[in-house]
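Chemist:
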Amino acid sequence: MKRKFLPSSACVLSLLLLVAGTCALAQERGPLHFKGLLNDYTPANPLIAGSPYEMHGQWSLDLHEWGELADFAADMTMSDYGTTNNVLDATKGGQNAHTHHIRLTHAKVTWDMTGCPAYPKPFTTRGFQVTGTVSMITGNGSGALFETTPPSSMLQVCITGGTEVPYSNMTMVFTGPATNHFGNQAIHGVVRKLEPASERW
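Letter by letter, the sequence shown follows residues -26 to -1, 1 to 175 in mature numbering (1 follows the signal peptide of the UniProt record, and there is no 0).
Structure below.
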């Protein structure tokens, strides 16, 4: 004689919670498309020719399904300050203007903020980071003169936020040859939009 087993209410509840948690995780961890702006300055550094620089641009990040890998792109302009009697003069227009296109391809995603640049109060409270060797850095459309061939600079991108806007801030930090031009400090930006990748077009 076959015996029939009916699932207990506790088992059913546990299963529903597991499914709900899995769906929430899948929804947050991709595929997602982030985009925003970056605006910052590099400090004056005798080791960086032409510094300090002013930086403006746009960036995007595509988080692949399950949030394990991501692609990052930044397109930016840079120019140094004009001078008056060899003294930096912020009232003058930018000098030596040029462009950079920066790419990270299939870079590793880490779901914490360990090692990300800190912000003053109010602190960011959540986020993730993408790290890897850049796949491309250009200068005015060609390979950047400060970069090796193939590129060897590392880039850390942190996407963080708080209680009202979960993903509001972006930072870029270079290590390797790129620091000879961008410096090793954080380059700051803002998240303007977050949308499911399927709704981008």
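Note that the Cβ used here is the ideal one computed from N, Cα and C, for glycine as well.
#1: Would you tell me roughly how many angstroms separate the C-alpha atoms of residue 165 and residue 110, rounded to the nearest one?
#2: Measure the CB-CB distance between residue 101 and residue 135 and report whether it falls below 8 Å.
#3: Where are the beta strand (DSSP E) runs, 3 residues long or more, that stay fully inside the segment 11 to 92, in chain order?
#4: Using three-state DSSP, classify residue 154 as helix, strand or coil.
#5: Please identify the residue among 24, 41 and 28 whose C-alpha is closest to the C-alpha of residue 182.
#6: Going by beta-carbon coordinates alone, are residue 31 and residue 144 separated by less than 8 Å?
#7: Under 8 Å, do residue 52 and residue 72 count as touching if we go by C-beta distance?
#8: Along the chain, where does the beta strand (DSSP E) that runs through residue 120 open and close?
#9: Out of 96, 113, 5 and 63, state which residue places its alpha-carbon closest to the alpha-carbon of residue 152.
#10: Would you call the CB atoms of residue 25 and residue 8 closer than 8 Å?
#11: If you follow the beta strand (DSSP E) that residue 170 is in, where does it begin and where does it stop?
#12: So residue 146 packs on residue 44, CB below 8 Å; how close in whole Å?
Modeler: So, from the listed chains and residues:
#1: 22 Å
#2: yes
#3: 27 to 37, 43 to 54, 56 to 58, 61 to 63 and 69 to 84
#4: helix
#5: Nothing can be reported for residue 182: it is not among the residues displayed for the chain, which extend from -26 to 175.
#6: no
#7: yes
#8: Residue 120 -> no beta strand (DSSP E), and no H or E assigned at all.
#9: 113
#10: no
#11: 161 to 170
#12: Their Cβ separation, rounded to whole angstroms, is 13 Å, which puts residue 146 and residue 44 out of contact at 8 Å.
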